[in-house]
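According to the working numbering, the stretch in the sequence shown is residues 362 to 794, in order. Beta carbons: idealized from backbone N, C-alpha and C, even for Gly. Heads up: the structure comes next, in structure tokens.
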Amino acid sequence: MKLRTARRTGAIATAVAVAATLAACGGGNQPGGASSDGASAWALTGGSEDMFRASFEDWNAENPEREIAVDWFANDAYKEKIRTAVGSGNAPTLVYSWAGGTLADYAENGNVVDISDGTQDLLDRVIPSVAANGQIDGTTYAVPNTQSQPVVLYYNQEVLDAAGVEVPTTYDELLDAAAALQEADVIPVALAGQSVWPELMWIQYLTDRIGGPEVFQAVLDGEEGAWSDPAIVEATTRIQELVDAGAFGDAFGSVNADQNADIALVQTGKAAFVLQGSWVYPNFLESSPELVESGGLGYTTFPAVDGGAGDPTNIVGNPSNFWSVSASASPEAQETAKEYISTQVLSDEAVDELLAIGTVPPLTGLEDRIAEQENPEYLEFVYGMVRDAPHFQLSWDQALPADQAQALLDNLSQVFLGQIDPQQFSETMDATL
């Protein structure tokens, strides 16, 4: 089941759409589109699309009586379609998700099936902290199907050198760096505030560094007043401190992540840092290869907060994307989907494809294969983050139920824009619990 060379050649070009893909998925075919013994799937465009296409095509070529019919959609269209389809019993056999609150809803409502049997060989190879995101009360309802996506602090080393700034390891050092970079007439941190979701990365990391993962777990558990935890109040206070200090410049509200505008600011030397998911690295490779090849693109973990209770090696982002199997599919289609998962998902060929475009699958024992790649240092850095993290926190807008997630995005945007204060943010979010 070899991936086609033509696809591999085009992988990096396809990957430049991956930033939009994190906030974007695919959709389309109803379960009836496949034969009775076959199955259907809705899959992502952009990013790892080449890997998924090759995987499905290889399966279909070797299993002509059990083909999987696939339709492709971008992010927002998929998100709007999949919830309706799942709820009405018209979901594709293979359901694509980010796990989190959505998967919990699916499992609670009996929309997806237990796939513990038949996927254990795959799960035995997956990093445990990632595999856990597909489990509800110890039962496996989803398995990782693509790269792991931690959030990384990228920087332009040439810009830092010109301003005489060192890479910050603490929040206070970040504030000092922001002041020095402004004096050098550079935006300290590129932030795509128009897209809003990149702002989540700041509140997540700050909350975790200050209070540890237990703080957000209380929100997930629906504990009364959980959003008013002192760690969250301090996190939003520090966010407004950064805004007031000019750390994000004065036009971040007009910067769009879907157009890679935040990345472009770092590539062109107009900004020094950007906090973004590992999915943007292929964009750097494609759009600014000289910066990468010269060593001018740096990367590090989010700074620690002095006195904080959180482990500075904790990470946030998307542990992976996941496949589940729809309970509304026929028994034959479910079996086809399970066998596809067990034989194709994160296969050796798929791993090669993901590594080739500069992304890291969430599997154990990849050290030697990573060392053979063209950019092993970056891959080793990201792989080490994922492999060694005591806690990998899912993006809050995916971890929460949809209504709470939208309220979070709306109110967090107002925090960054100075339209509400930290206490108002917490009180408003407490009302959503």
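DSSP places alanine 763 in no beta strand (DSSP E) but in the uninterrupted alpha helix (DSSP H) bounded by 763–777.
The alpha-carbon separation between threonine 406 and tryptophan 433 amounts to approximately 6 angstroms. Under a 10 Å Cβ-count criterion, glycine 678 is classified as buried, with 16 or more other Cβ atoms of the shown protein chains found around its own Cβ. DSSP places isoleucine 624 in the uninterrupted alpha helix (DSSP H) bounded by 622–628. Less than 8 angstroms divides the Cβ of leucine 658 from the Cβ of asparagine 517. Boundaries of the beta strand (DSSP E) around serine 685: 683–686. Here valine 431 is not near valine 456, since their CB atoms are 8 angstroms or more apart. Excluding its 5 nearest sequence neighbours in each direction, proline 673 has C-beta neighbours in its own chain below 6 angstroms: Ala665, listed in chain order. Secondary-structure assignment with DSSP links proline 505 through a beta bridge to Phe683.
Taking 3 residues as the shortest admissible run, the segment 493–580 contains the following complete beta strand (DSSP E) segments, listed from N- to C-terminal end: 510–517, 548–551. Under the DSSP assignment, isoleucine 593 falls outside any beta strand (DSSP E), being part of the alpha helix (DSSP H) whose first and last residues are 591–605. Under the DSSP assignment, glutamine 754 falls in the beta strand (DSSP E) whose first and last residues are 753–755. Taking 8 angstroms as the cut-off, the Cβ atoms of glutamine 785 and tryptophan 459 do not count as close.
In the three-state scheme derived from DSSP, where H, G and I count as helix and E and B as strand, isoleucine 676 is classed as strand. Per DSSP, the beta bridge partners of tyrosine 660 are Tyr515.
Here the segment 696–707 makes no contact with the segment 606–613; the two share fewer than three CB pairs at distances below 8 angstroms.
Under the three-state reduction of DSSP output, isoleucine 429 falls in the strand class.
Counting only residues of its own chain and dropping the five nearest sequence neighbours on each side, glycine 573 has a CB closer than 6 angstroms to the CB of Ala670, Gly671. With fewer than 16 neighbouring CB atoms inside 10 Å of its own CB, proline 591 falls in the exposed class. In the DSSP assignment, glutamine 637 forms a beta bridge with Val513. Residue pairing for valine 456: DSSP places it in a beta bridge opposite Ser685.
Looking at the DSSP output, valine 474 bridges to nothing. For tryptophan 420, the enclosing alpha helix (DSSP H) has its first and last residue at 410–423.
Under the DSSP assignment, leucine 740 falls in the alpha helix (DSSP H) whose first and last residues are 737–749. Of the residues Phe613, Pro425, Tyr739, the one whose Cα lies closest to the Cα of glycine 779 is Phe613.
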